[in-house]
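Asker: Okay, handing you the structure first.
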Amino acid sequence: MTSTCNTPGVDRIVERAHELQALVFQHTWLKVMGNYAGESTPMDFTELAQRHASIPLVCGHTGGDWEQGIRAIAPLKNAHADLAGSDPVAGYTEMAVRELGAERVLYGSDAGGRSFASQLAKVHGADIPEDAKRLIFGENLIRLLTPILRKKNIEF
């Protein structure tokens, strides 16, 4: 049986990951013809994030349909948007920064599925301040991973 991330059975996984200080990254996608069974959408992710409001979670690919994905997660302060996977269209990164704040936006390469150039272009070419680009390219992820890195005595 397949299920999406909003299934209550996922709650214990999120809670255990949080106990271990791990960051939860949930793949999400919105397909025009409908998602596969068990494939989570940003709306499914939102339900999960609402139940775990104190735990940071990453909405992978921001659902592919980034406008809907950003709008879905915007009200949830614990939800972060991953920019990986979509084509580098104008406005994606700008909307994410405007609606979520640069602190909740993460660069992703989606290596293997997209070129590094196309994914880097989303941030380098965005009309956002340089400090926002630094947050997106690494500072946000470092902040989110710091607890587990320290726990594992990994220097960064």
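With this note's numbering applied, the sequence shown closes on residue 432, and no number is skipped along the way. From the three backbone atoms N, C-alpha and C, an ideal C-beta is built for every residue, glycine too. The structure presented is a predicted model; accordingly, all values stated were derived computationally and were not measured.
(1) Look at the alpha carbon of ARG419 and the alpha carbon of GLU379, and state the distance between them as a whole number of angstroms.
(2) Could you check how far apart the C-beta atoms of PRO318 and HIS356 are, in whole angstroms? I think they sit under 8 Å.
(3) Can you tell me where the alpha helix (DSSP H) with ALA408 in it begins and where it stops?
(4) The beta strand (DSSP E) spanning GLY336 covers which residue range?
(5) Tell me whether PHE392 sits in a helix, a strand or coil according to DSSP, three-state version.
(6) Secondary structure at PHE301, three-state DSSP: helix, strand or coil?
(7) Could you name the residues of the same chain whose beta carbon sits closer than 7 Å to that of GLY414, not counting the 5 residues immediately before and after it, in chain order?
(8) Do you know how far the Cα of TRP305 is from the Cα of PHE392?
(9) The alpha helix (DSSP H) that contains HIS294, what's its start and end?
(10) How should TYR368 be labelled, buried or exposed, when 16 other C-beta atoms within 10 angstroms of its C-beta is the threshold for buried?
(11) Within 10 Å of its beta-carbon, does PHE432 have 16 or more other beta-carbons around it, so buried, or fewer, so exposed?
(12) Whole angstroms are fine: how far does the CA of GLY340 sit from the CA of TYR312?
(13) To the nearest angstrom, report how far apart PHE321 and THR422 are at their CA atoms.
(14) Any chance you could list the beta strand (DSSP E) runs of at least 3 consecutive residues sitting entirely within the segment 351-398, in chain order?
Answerer: This is what the structure gives:
(1) 10 Å
(2) Actually they do not touch by this definition, with Cβ atoms about 12 Å apart.
(3) 406-410
(4) 333-336
(5) helix
(6) strand
(7) none
(8) 20 Å
(9) 287-295
(10) buried
(11) exposed
(12) 14 Å
(13) 23 Å
(14) 355-358
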